[in-house]
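Input: a single structure, listed below in structure tokens.
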Amino acid sequence: MLKEPVTVIAAISEKKSFTSNRKIDLGIAWEWEYDQAFVAQLQNVCSSAGLATCIVTPDNVDAITAEYHRNELFFHTYLDRGSDAAKEFVPLAQLVQQSGGRIINRYVAMQWAMDKATMHLEFLAAGLDVPFTIILSPYSKQPKVEIAALDKLNRPFIIKPAIGGGGVGVVLSAETLADILQARMSQNRQKYLLQKKIQPVVLGHKRAWFRAYYVLGDTYLVWWDDLTHIYHYLEASE
């Protein structure tokens, strides 16, 4: 989350030497409908700063990838908000990297960071206090599992796929082994996390649930209501 798209503008690297018919300061790849307002704001800030932009969407990504492959196009900086959700964006991200353009949200790092099972283990290794969690292999690889520590989860507990967002596939009030089986079968190539449900305290009128974002060297901490999914900026006074 960014308070100002200027954060992205400041990160655009200096011009690189590259033979191309069309050089773009910032390529912006996106496919999520809720990014639309941010992308529009980012375009306006770039325009005011005299920077050229190119918007990449599912509708034009194949054409732009082909143009990039022919060395007819070069992005000095590329904001990748597409590869995490749609595989058709991956070839372009790879071409930008090969050509020497700077990528914000590098594909390899993105693949590592978006896996909740991997991140849970990284948090444990870093000494962070995290909810008790059981990680299960994909149903397609291991249909039958023994869950000896199920009682440690308490009831209800959370079931979530390792990769995904927006609450898709998440079961917030699971109770039984049947719930686990149903979830695993619904996305049978996914790892799954069984997680103890945490109830936050209420501070003032807000649930004490937060999300932290590390963006281009800066950290942003925000309130995030786990029931409504509505964000609020965390003020310095708070």
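Just so you know, we're using the numbering used here here: the sequence shown kicks off at 4 and counts up by one.
We put the beta carbon where it would ideally sit given N, CA and C, even for glycine.
In this text, all values refer to a predicted model and were calculated from it rather than measured experimentally.
Residue range of the unbroken beta strand (DSSP E) whose run includes residue i
i	result
Arg214	213-218
Ala177	174-177
Asp221	221-227
Gln198	195-199
Arg192	Looking at the DSSP string, Arg192 is not in any beta strand (DSSP E), and its letter there is neither H nor E.
DSSP three-state assignment for residue i, whether helix, strand or coil
i	result
Leu127	helix
Met4	Its pLDDT being 43, under 50, Met4 is placed unreliably in this model, and the value from its coordinates should be taken loosely. In this structure, Met4 counts as coil in the three-state DSSP scheme.
Arg73	coil
Phe21	Unreliable positioning characterises Phe21 in this predicted model, as indicated by a pLDDT of 47, which lies under 50. The coordinate reading is nonetheless provided below. Note: Phe21 maps to coil in three-state DSSP.
Ile166	coil
Tyr142	coil
Phe92	helix
Thr231	coil
Ala32	strand
Residues near residue i in its chain [Cβ-Cβ closer than 6 Å; skip 5 each side]
i	result
Lys209	Trp226
Lys163	Val173, Leu196
Asp228	Arg210
Ser176	Pro159
Leu82	Ile31, Ile107
Whole-number beta carbon distance between residue j and residue i, since they are thought to touch under 8 Å
i	j	result
Tyr195	Leu237	Wrong, their Cβ atoms sit about 31 Å apart, outside the cutoff.
Gly30	Cys57	5 Å
Gln97	Tyr110	7 Å
Pro61	Glu34	5 Å
Ala55	Ile27	5 Å
Pro1	Ile183	There is no way to answer for residue 1, as the model of the chain reaches only from 4 to 241.
Leu95	Thr68	4 Å
Continuous alpha helix (DSSP H) stretch holding residue i: start and end
i	result
Ala55	Careful: Ala55 lies outside any alpha helix (DSSP H) and carries neither H nor E.
Ile150	Taken as a continuous stretch (DSSP letters only), Ile150 belongs to no alpha helix (DSSP H), as it is neither H nor E.
Arg158	Element bounds for Arg158: n/a, residue is neither H nor E.
Tyr110	110-116
Arg187	180-189
Sequence-distant residues of the same chain with beta carbon closer than 7 Å to residue i, five excluded per side
i	result
Ala165	Asp118, Lys119, Ala120, Gln193, Lys194, Tyr195, Leu196
Tyr142	Arg187, Met188, Asn191
Asp87	Met113, Met117
Phe21	Because the pLDDT of Phe21 is 47, which lies under 50, any placement of that residue in the model is unreliable, and the number read from its coordinates should be weighed accordingly. Phe77, Ser102, Gly103, listed in sequence order.
Leu206	none
Beta-carbon contacts of residue i that lie in its chain and below 8 Å, excluding the five residues immediately before and after
i	result
Lys6	With a pLDDT of 47 at Lys6, under the threshold of 50, the modelled position of that residue is not reliable, and the figure given next carries that caveat. For Lys6, where only same-chain residues beyond five positions count, the Cβ hits under 8 Å are Tyr223, Tyr236.
heavy atom of the ligand SAH below 8 Å from residue i C-beta
i	result
Ile183	Because no ligand of any kind appears in the structure shown, any question about the ligand SAH cannot be addressed here.
Touching by the beta-carbon criterion (3+ pairs, under 8 Å), the segment 126-134 and the segment 105-112: no
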